[in-house]
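Peer 1:
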Amino acid sequence: MADLDDIKEGKNFGLDRPQQNVPFTLKGCGALDWGMQSRLARIFNPASNRTVMLAFDHGYFQGPTTGLERIDLSIAPLFAETDVLMCTRGILRSTVPPATNKPVVLRASGGNSMLGELSNECVAVAMEDALRLNVCAVAAQVYIGSEYEHQSINNIIKLVDAGNRYGIPTLAVTGVGKEMARDARYFSLASRIAAEMGAQFVKTYFVEEGFEKVTASCPVPIVIAGGKKLPGTRGAGDVFPRHRPRGRQAWTWGANILPVQCPAGDAERR
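The working numbering puts the first residue of the sequence shown at 993, with every later residue one more than the last.
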């Protein structure tokens, strides 16, 4: 410890310059706690408020679907080409090297399979385990208009409450059941409900008509879900630039890139 005689009086107080309060400019997130803003700043580039997310959590209800048979072979080469990883805790612990050093959005809902009712999910991860894994956000589906609508909304509420306690954001993913419409009216409804329940950001599908209304009516950031591969495109890289100016703040690589024979090359083209 320094001797009292060695302590010199400070001089550089910057009396002519007031302290600057740097605003957190991510849509709808300016009033969040420091820890939550810090995690969101890892997910979204603070300079642009944009991100590209690599989602490979499909196995939680689809099993080893095309492109996901071996995560270490088909998906791991993409880690360096993306901003954020989205996966389950099982894959994170077993397959993603800790030295990857990418922010992780952890799939936190489950309990269903593609053989049954997709909306019949529960919260599948305790927030303490999410903390153990040092993730930047947790994610769950919300199925508006489905058989288990109330249950899926309640899952979001539980994660938001637990996340607020520990400073972990919640991503609400607007699930679309087998018989549900994919239009701007539906996605506006689902996205707004998720935000009203406290989700800090929302992942939803892009639609050609009316997508600006989806983003305008959602008070938190929108992440575009990859969705099905479009006819005549090699991968999402062919359509990504078209959607930049239309209100969304992020893009997800997932189902539209997994079947590509050389996905790393497709990701580099973004």
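Yeah, the Cβ is synthetic: ideal placement off N, Cα and C, and Gly gets one too.
CB of ALA1208 to nearest heavy atom of the ligand FAD: below 7 Å?
Peer 2: By its list of ligands, the structure shown contains no ligand whatsoever, and the ligand FAD lies outside what it can speak to.
Peer 1: Have a look at ALA1091, HIS1142 and PRO1095 and flag the residue whose alpha-carbon is nearest the alpha-carbon of CYS1114.
Peer 2: Within the sequence shown, residue 1114 is the residue found at index 122, counting from 1. Checking every option, the nearest Cα to that of CYS1114 belongs to HIS1142.
Peer 1: Just reading off the alpha helix (DSSP H) that ARG1042 is part of, what are its end residues?
Peer 2: Looking up residue 1042 in the sequence shown gives position 50. Looking at the DSSP string, ARG1042 is not in any alpha helix (DSSP H), and its letter there is neither H nor E.
Peer 1: Per the DSSP calculation, LYS1205 is bridged to which residue(s)?
Peer 2: Taking the sequence shown and counting its residues from 1, the one referred to as residue 1205 is at position 213. According to DSSP, which records beta bridges pairwise, LYS1205 is partnered with nothing at all.
Peer 1: For ALA1072, which beta-bridge partners are listed by DSSP?
Peer 2: Mapped onto the sequence shown, residue 1072 falls at position 80. Looking at the DSSP assignment, ALA1072 forms no beta bridge with any residue, so it has no partner.
Peer 1: Since LYS1195 sits in a beta bridge, which residues does DSSP pair it with?
Peer 2: Counting from one through the sequence shown, the residue named residue 1195 turns up at place 203. BP columns for LYS1195 point to VAL1165 and VAL1215.
Peer 1: Quick test of the definition: if touching needs 3 or more C-beta pairs under 8 Å, does the region 1103–1117 touch the region 1085–1094?
Peer 2: The region 1103–1117 is not in contact with the region 1085–1094.
Peer 1: For PRO1056 and HIS1050, I'd like the C-alpha separation in whole angstroms.
Peer 2: Sequence index remark: in the sequence shown, residue 1056 carries index 64 (1-based). Sequence index remark: in the sequence shown, residue 1050 carries index 58 (1-based). One C-alpha to the other measures close to 9 Å.
Peer 1: So what's ARG1031 in DSSP terms, helix, strand or just coil?
Peer 2: Position 39 of the sequence shown holds residue 1031. Note: ARG1031 maps to helix in three-state DSSP.
Peer 1: Give the single residue among ASN1112, LYS1150, ALA1173 and TYR1135 whose Cα lies nearest to the Cα of VAL1199.
Peer 2: Here the question's residue 1199 lines up with position 207 in the sequence shown. Closest by alpha carbon: ALA1173.
Peer 1: To the nearest angstrom, how far is it from the Cα of CYS1021 to the Cα of ASP1075?
Peer 2: Translated into the one-based positions of the sequence shown, residue 1021 becomes position 29. Translated into the one-based positions of the sequence shown, residue 1075 becomes position 83. Distance between the alpha carbons of CYS1021 and ASP1075 is about 20 Å.
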